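Trainee:
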Amino acid sequence: MVECEKSQAVNIADAVKRKKKKRTRATDSFTGSFDDLYKLTDEVLGQGAYAKVQGCIGLQNRMEYAVKIIEKCAGHSRSRVFREVETLYQCQGNKNILELIQFFEDGNCFYLVFEKLRGGSILTHIQNRKHFDELEASKVVRDIAQALDFLHTKGIAHRDLKLENILCEFTDQVSPVKICDFDLGSGVKLSSACTPITTPELTTPLRMTLQANWHTQISSTNSGFLPIFYVF
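Quick note: the sequence shown uses this note's numbering, first residue 23, plus one each step.
#1: Counting only the same chain and skipping the five closest in sequence on each side, list residues whose C-beta sits under 8 Å from that of Y87.
#2: Straight-line CA distance for D57 to E158?
#3: To the nearest angstrom, report how far apart R185 and V103 are at their CA atoms.
#4: Secondary structure at E121, three-state DSSP: helix, strand or coil?
#5: Quick one: Cα of S197 to Cα of Q168, how far?
#6: Here's a check: name, in chain order, each residue in its chain whose Cβ is nearer than 6 Å to the Cβ of T221, leaving out the five neighbours to either side.
#7: What are the start and end residues of the beta strand (DSSP E) that includes E137?
#8: For Q114 and D165, what's the separation of their Cα atoms in angstroms?
#9: Could you check the C-alpha separation between K152 and G142 for me, to the nearest Å?
#10: Would you grab the beta carbon distance between A71 and I92 for me? Rounded to a whole angstrom, and I think it's under 8 Å.
#11: Based on the DSSP output, what are the partners of S143 in its beta bridges?
#12: How would you label V162, buried or exposed, when you count the other beta carbons within 10 angstroms and need 16 or more for buried?
#13: Among L62, E65 and Q195, which one has its Cα closest to the Cα of I148?
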């Protein structure tokens, strides 16, 4: 990870230059840099080609959070990051979607600060427990379906819904769950319908269709693969 310059809180409404009426944003009331408000811990929650997710602590309230730190580079454009952040802001308040708390940008990095769930991914629960009963499985599917329905009412599709992107709130039970990782989420009004689905095994025949409602069909179809992992 490169050493980053001093970051600043970002007002997304100005950054994306929306022509519609400005909505209240979580970051609108914050000033200062990431380092002014948070302290990184040694806990690494995830690692990718251009980003990593690391634990952090709020200096004002001492609460634990997770921060996604994205390096600025040719392979991960600024517009793509802002698309993810804009999507997450539209999802604020939904109980089954991971909450974005705050967003910062500096010369080298973006910082997306999220609530921290202690339960880890549902994949970890499956590996540890091997199976779930029908009641547990039904609760998980219900939570996922409610999240997808909420997204679809806003014209948003996840398009990379997989076990690693479903997080459990608690360590000792599988539900409730929240979905996360929207870096390929796309509003139907954006000209990004041809961006790839990043998990090949989740690509469906609908990927080839040119229908106007292709986006929401994709995430609904992907969710159909999930229940087979839960009940055995």
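Cβ atoms here follow ideal geometry from the backbone N, Cα and C, with glycine treated the same way. All of these numbers come straight from a predicted model, not from anything done at the bench.
Mentor: With the given structure in hand:
#1: Y60, G77, C78, I79, G80, I123, V135, F136, E137 and K138
#2: 40 Å
#3: Here residue 185 turns out to be Leu, not Arg, going by the sequence shown. Rounded to the nearest angstrom, the two C-alpha atoms are 22 Å apart.
#4: coil
#5: 13 Å
#6: Confidence in T221 is poor, its pLDDT being 47 and thus under 50, which makes the residue's placement unreliable; the coordinate value appears in the next sentence. Around T221: D182 and K184.
#7: C131 to E137
#8: 16 Å
#9: 16 Å
#10: No, A71 and I92 are not in contact; Cβ-Cβ is about 10 Å, not under 8 Å.
#11: L189
#12: Buried, because 16 or more other Cβ atoms sit within 10 Å of the Cβ of V162.
#13: Closest option to I148, Cα to Cα, is Q195.
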